[in-house]
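First comes the structure, then the notes that go with it.
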Amino acid sequence: MSQALLEVRNLVKHFPIGGGMFTKPVGVVRAIDGVSFTIKKGETLGLVGESGCGKTTTGRCILQLEQPTSGSIVFEGIDMVSLDAAELRAVRRHVQVIFQDPYSSLNPRMTIGQILAEPLKVHGIVRDAGERELRVRELLTQVGLLPQHAKRYPHQLSGGQRQRVGVARALAMEPSLIICDEPVSALDVSIQAQIINLLEELQARLGLTYLFIAHDLSVVRHISDRVAVMYLGKMAELADRKAIYDEPLHPYTRALLSAVPIPDPKIESKRERTVLRGEVPSPLNPPSGCVFHPRCPIAVDRCSAEIPPLREIRPGHWAACHLA
Amino acid sequence: MAKLLEVKNLQTQFLTSAGVVRAVDGVSYDINEGETVALVGESGCGKSVSALSIMRLVAEPAGRIVGGEILFKGRDLLKLTEEEMRDVRGRDIAMVFQEPMTSLNPVLTIGRQLTEGLEIHLAMAPEAARARAVELLGLVGIPDPARRLGQYPHQFSGGMRQRMMVAMALACNPPLILADEPTTALDVTIQAQILELLQDLSRRLGVAMLIITHNLGVVARYADRVNVMYAGRIIESGTAAEIYADPRHPYTLGLLRSVPRLDEPIRSKLDPIEGQPPDLTKLPPGCAFAPRCAYRIDKCAEVPPLVTCGAPGHRSACWIAEKLAKEAVT
Chain A
365 MSQALLEVRN LVKHFPIGGG MFTKPVGVVR AIDGVSFTIK KGETLGLVGE SGCGKTTTGR
425 CILQLEQPTS GSIVFEGIDM VSLDAAELRA VRRHVQVIFQ DPYSSLNPRM TIGQILAEPL
485 KVHGIVRDAG ERELRVRELL TQVGLLPQHA KRYPHQLSGG QRQRVGVARA LAMEPSLIIC
545 DEPVSALDVS IQAQIINLLE ELQARLGLTY LFIAHDLSVV RHISDRVAVM YLGKMAELAD
605 RKAIYDEPLH PYTRALLSAV PIPDPKIESK RERTVLRGEV PSPLNPPSGC VFHPRCPIAV
665 DRCSAEIPPL REIRPGHWAA CHLA
Chain B
3 MAKLLEVKNL QTQFLTSAGV VRAVDGVSYD INEGETVALV GESGCGKSVS ALSIMRLVAE
63 PAGRIVGGEI LFKGRDLLKL TEEEMRDVRG RDIAMVFQEP MTSLNPVLTI GRQLTEGLEI
123 HLAMAPEAAR ARAVELLGLV GIPDPARRLG QYPHQFSGGM RQRMMVAMAL ACNPPLILAD
183 EPTTALDVTI QAQILELLQD LSRRLGVAML IITHNLGVVA RYADRVNVMY AGRIIESGTA
243 AEIYADPRHP YTLGLLRSVP RLDEPIRSKL DPIEGQPPDL TKLPPGCAFA PRCAYRIDKC
303 AEVPPLVTCG APGHRSACWI AEKLAKEAVT
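Sequence order for the protein chains is A and B.
Read left to right, the first sequence gives residues 365 to 688 (my numbering).
Read left to right, the second sequence gives residues 3 to 332 (my numbering).
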């Protein structure tokens, strides 16, 4: 259980801006700027942060959909960054993804059956067409759909049903790690809980490991074992779920938590709220020192000069703050 | 408190190739002066169409308002000519849209978009309108407003654009603002900023607000009264305290139970509402929620009326509303 399935070490991803065939890039977007974490076998690591903090790019680097600028991504002892195309293909089937938008991540011209059968065929997992059909039926039942859904097209399904297809497609490869990139945020509230329960059931049954990327802190608290908070390409805090939510050490985590509304007017009226000033700065030109210092309610002089390293402040509880 | 807006039995329909969609199917609610009322529901429940109907902005010919009354200060907006209605929009009732990215004109400066309404509705001279625009941007917390007037929407961040939308809505001092998912497109920390801003302005300037949202959490803090919609109808309405502490409709109860909460111990499993929202062209006979309802009884084949249950003013469209109260206690 405590064995590391995935280890991300000092991951950096910079996107150059401009720069064509004859011109130099005019700037660099520091999407991820030195992020490290591990995911243990069978656990769910929640990755939270606001838009532009680099959480999705982190997921895409792990999937090797983006080539990291530097750093390593070690999956079951193999550094995926150094693999050639053929080796990568072999590893990749063990790392799958569920995308945010069930509307745009399914090919509208393919039936659900074809969508689910394709990876089985491409990776040569099930070579016989008849067996593939059986496997597709099995996958559909596994995610709470009916075998007859195989003949439908994506537009004939509701948002929740489409996201179930997205889950089934990820499961088709029998992966050990699934990157869930905002898997419920495009869905209606009453449907979100259905998908979250499904993900948890599958994890228990199949021993899956999840990287759960989301901006909804209540959902992340529900599903995660440990939680990582990112801000502007850097890791702000990383700890067990209980520690993050009960005793957050980083002022950004505290502000994020206090911004989450609680559906109860009695509690809300008594709740203290830290409303952060200003907005997330551009990753094109991040602030000096601690990237959070311009918005930080407790910043001191040192924060604008010195970059706070991610320190283990209590056992297993890491925070990148001088004052933690 | 005097009633500012009264929506009575509003019916808005869309003609599609699949049939008639009853997007809003006999909805009634009211808003008092200076009050914040919420309209809560999931996508397709008719909450946005109901607001667009108030503004008479439902896209014709596919969509039309087929019945009901919308009384603003006693005057039925549905009986006005298009000319008269144009005077109402922006001056009497203003709107803040969800997507500040697409609801601002990309080729006009921020200043022009703010002054246009002032010059048209209040016949202000360009100089006066400009001064008022600077004041408005300052009011919504945009730093260096005079310089910002000359900029274009793409030079504003998402949060600033939404502040700009609020400034536009406030421009002519309307007594009522309709805010359609005003924070949905924004990050959590920016959401908090905009909601605090709206609440502060509404209190300070005495503006009444209709907040339309799918997020029950958002309204808990800001709404005086809440209307919950499902499949084109209001299925429960009451004060915020009543709705959250004592829900009397299985759908409201289901919505509240299905979301994980930061202040509660972690549950091993969430309690989702099973099934899918209904297809509005093929609504089941009787209560539209019945097929997904855990408390369904035979009588649900008949549409339940929205009637008072429990506290006065707390209404629920459910046959077993009274029983539900006892259930929640145990």
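For glycine and all other residues, C-beta sits at the position ideal for the given N, C-alpha and C.
- Within the same chain, no residue comes within 7 Å of Ala133 of chain B by CB-CB distance, once the 5 residues on both sides are set aside.
- Ser522 of chain A carries a coil assignment under DSSP once its states are collapsed to helix, strand and coil.
- With a minimum length of 3 residues, the unbroken runs of beta strand (DSSP E) contained wholly in the segment 184-245 of chain B fall at 210-215, 227-232, 235-241.
- From the listed residues B:Leu308, B:Glu324, B:Lys325, B:Ala327, the smallest Cα separation to Ser318 of chain B is found for B:Leu308.
- For Asp265 of chain B, the neighbours in chain A by C-beta distance under 7 Å run, in chain order, Ile626, Ile631.
- Taking 8 Å as the CB threshold, Ile236 of chain B stays off the interface with chain A.
- Each residue's CA atom was taken as its position, placing Ile196 of chain B and Glu276 of chain B some 33 Å apart.
- With a threshold of 8 Å between beta carbons, Gly524 of chain A makes contact with chain B.
- Distance check between Asp545 of chain A and each of A:Val664, A:Leu427, A:His586 places A:Leu427 closest, using alpha-carbon atoms only.
- Under a criterion of Cβ atoms nearer than 8 Å, no residue of chain B is adjacent to Ile476 of chain A; the nearest Cβ is some 16 Å distant.
- Between the alpha carbons of Ile322 of chain B and Cys660 of chain A lies a gap of roughly 50 Å.
- At least one C-beta of chain A is nearer than 8 Å to the C-beta of Tyr246 of chain B.
- Between Ala603 of chain A and Cys685 of chain A, the alpha-carbon positions lie close to 14 Å from each other.
- Per DSSP, the unbroken alpha helix (DSSP H) holding Thr117 of chain B starts and ends at 112-123.
- Excluding the 5 residues flanking it on each side, Pro612 of chain A has same chain C-beta neighbours closer than 8 Å at Glu601, Arg618, Leu621, in chain order.
- Within the DSSP bridge table, the entry for Cys544 of chain A names A:Ile462, A:Phe576 as partners.
- The DSSP-derived three-state label of Gly69 of chain B is strand.
- Separation of the CB atoms of Phe576 of chain A and Leu411 of chain A is rounded to 7 Å, and the pair is thereby assigned contact status at 8 Å.
- For the 8 Å CB-CB criterion, Gln558 of chain A and Gly524 of chain A form a contact.
- DSSP, reduced to helix, strand and coil, places Ala493 of chain A within a helical segment of the structure shown.
- Ala623 of chain A reaches chain B at Val190, Thr191, Gln193, Ala194, counting residues in chain order whose Cβ is nearer than 8 Å.
- Within 8 Å of the CB of His216 of chain B, the CB atoms of chain A belong to Asp552, Val553, in sequence order along the chain.
- Among the residues facing chain A, Gln100 of chain B is not included, as its CB has no counterpart in that chain under 8 Å away.
- The C-beta of Glu414 of chain A comes closer than 8 Å to at least one C-beta of chain B.
- Met166 of chain B sits buried, since 16 or more C-beta atoms from the chains shown fall within 10 Å of its C-beta.
- Here the segment 36-49 of chain B makes contact with the segment 221-236 of chain B; the two share three or more CB pairs at distances below 8 Å.
- At the C-beta level, Ser588 of chain A and Thr402 of chain A stay beyond 8 Å of one another.
- Under the Cβ criterion of 8 Å, Pro279 of chain B is counted among the residues facing chain A.
- Beta-bridge pairing by DSSP links Ile179 of chain B to B:Ala96, B:Met211.
- The bridge partners DSSP lists for Ile381 of chain A are A:Gly391.
- Restricted to the segment 234-314 of chain B, the alpha helix (DSSP H) segments that are unbroken, complete and at least 4 residues in length are 242-247, 252-260, listed in chain order.
- Around the beta carbon of Lys377 of chain A, 16 or more other beta carbons sit within 10 angstroms, so the residue counts as buried.
- Counting the other Cβ atoms within 10 Å of the Cβ of Glu37 of chain B gives 16 or more, which makes it buried.
- In this structure, the straight-line span from the alpha carbon of Pro483 of chain A to that of Ala568 of chain A is close to 24 Å.
- The three-state secondary structure of Asp146 of chain B, taken from DSSP, is coil.
- Secondary structure of Ser646 of chain A (DSSP, three-state): coil.
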